[in-house]
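A.B. asks: Submitted below is the structure of interest, expressed as structure tokens.
Residue numbers (the working numbering): 1 to 325.
Rendered as structure tokens:
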């Protein structure tokens with residue numbers, strides 16, 4: 001497409017070396033930067049220098065894992081699009097902040113990050129289509145269809161190049177095929193916050209994961225935005241949100257603090273939009289700074305825990321109501 005500007009001539013793949021512990025930290029922190037050369041030109045022209053420099057910087061941080069750059073583009077929507085491969089995962093990296101927007105695990109079904117939370121949503125909403133606002137390369141879709149092969153997912157992604165790469169490198173085409181139990185992913189290219197991003201009868205659930213330049217979209221910090229999104233739900237439907245990090249450093253000791261959500265402006269907007277009808281938690285991984293939110297009354301945590309895969313049974317019990325001070 002005319003909106004795509006391929007990267008300058010470069011090898012089909014290019015090895016890089018990063019610390020494995022650092023790499024795993026990246027997909028848990030929406031605001032974390034991929035530790036790569038600041039200039040893609042430097043990456044293309046001097047891979048040996050880059051690998052040596054990065055290895056020196058990461059010395060002593062743990063076992064190193066080879067990364068391979070499979071594709072690099074820029075579009076009108078994303079100044080940087082990279083598909084990066086490793087022995088354990090494949091990553092979609094976007095924008096100049098080098099944020100990991102999607103991950104495809106190769107050694108197991110779980111990401112140990114906020115994408116896993118989406119798998120728990122179908123058991124606390126009515127049967128019906130679930131929207132994914134901010135599809136990326138389809139991490140949440142992969143996981144939800146793996147666990148709930150009957151589910152109808154409808155995803156919105158604004159950048160057509162991301163969808164093309166997701167089909168080529170992340171198996172999205174497979175998700176678009178109907179499963180034996182009738183589930184599938186329907187992909188829409190366009191603005192996820194557009195009034196047209198809806199279905200007749202409303203969604204049973206809506207997953208919101210919308211970021212640009214490493215930050216939550218500013219519209220998601222406005223009460224009116226959430227009220228408009230809520231209009232797209234069927235009765236008893238819920239919205240689950242990746243709210244990103246707080247706007248100030250919060251110590252890990254504050255995880256259990258009932259008021260620590262005030263550090264996150266998206267949760268503050270949600271709590272104002274849905275007073276008495278919002279739940280939140282901060283992910284339990286020590287490296288994570290992500291908050292997640294769920295609209296509606298707090299589900300029965302014991303019933304919810306029993307209805308999800310065992311890997312999530314303890315995690316759903318961490319949800320607590322959000323109360324304005």
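Beta carbons: idealized from backbone N, C-alpha and C, even for Gly.
(1) Just reading off the alpha helix (DSSP H) that residue 160 is part of, what are its end residues?
(2) Could you check the C-alpha separation between residue 319 and residue 294 for me, to the nearest Å?
(3) When the Cα atoms are used, what is the spatial distance from residue 317 to residue 126?
(4) Given this structure, state the Cα-to-Cα distance separating residue 278 from residue 269, to the nearest angstrom.
(5) Between the C-alpha atoms of residue 307 and residue 115, what's the straight-line distance to the nearest angstrom?
(6) What residue from 186, 292, 203, 76 has the CA that sits closest to residue 128's CA?
(7) In this structure, how does DSSP classify residue 85 when only helix, strand and coil are distinguished?
(8) Leaving aside the five residues before and after residue 305 along the sequence, list all residues of the same chain whose C-beta is less than 6 Å from its C-beta, in chain order.
(9) Less than 8 Å between the C-beta atoms of residue 133 and residue 189, yes or no?
(10) Are residue 75 and residue 104 closer than 8 Å when you measure CB to CB?
(11) Counting beta carbon pairs with one atom in the region 91-103 and one in the region 220-231, are three or more of them shorter than 8 Å?
(12) Got a sec? Which residues, its chain only, sit under 6 Å from residue 91 by beta carbon, not counting five neighbours each side?
(13) Measuring only the C-alpha atoms, how far is residue 197 from residue 158?
(14) Under the rule that 16 or more other beta-carbon atoms within 10 Å means buried, what is residue 161, buried or exposed?
(15) Please classify residue 209 as buried or exposed, where buried requires at least 16 neighbouring CB atoms within 10 angstroms.
(16) So, using beta-carbon positions, are residue 172 and residue 137 closer together than 8 Å?
(17) Following the continuous beta strand (DSSP E) through residue 293, name the residue where it begins and the one where it ends.
(18) To which residues does DSSP link residue 188 through a beta bridge?
(19) Would residue 329 be called buried (16 or more neighbouring beta carbons within 10 Å of its own) or exposed?
(20) Output the distance between the C-alpha atoms of residue 274 and residue 296, rounded to the nearest integer angstrom.
C.D. replies: This is what the structure holds:
(1) 160-169
(2) Between the C-alpha atoms of residue 319 and residue 294 there is a straight-line separation of about 9 Å.
(3) 20 Å
(4) Separation of residue 278 and residue 269 (C-alpha to C-alpha, rounded to the nearest whole angstrom) is 11 Å.
(5) 18 Å
(6) Nearest option by C-alpha distance: 203.
(7) Strand.
(8) 313, 316, 317
(9) no
(10) No, they are not a contact pair.
(11) no
(12) 84, 100, 103
(13) 11 Å
(14) buried
(15) buried
(16) For residue 172 and residue 137, yes; Cβs fall inside 8 Å.
(17) 291-295
(18) 156
(19) Given a span of 1 to 325 for the chain in the structure shown, any question on residue 329 remains unanswerable.
(20) 8 Å
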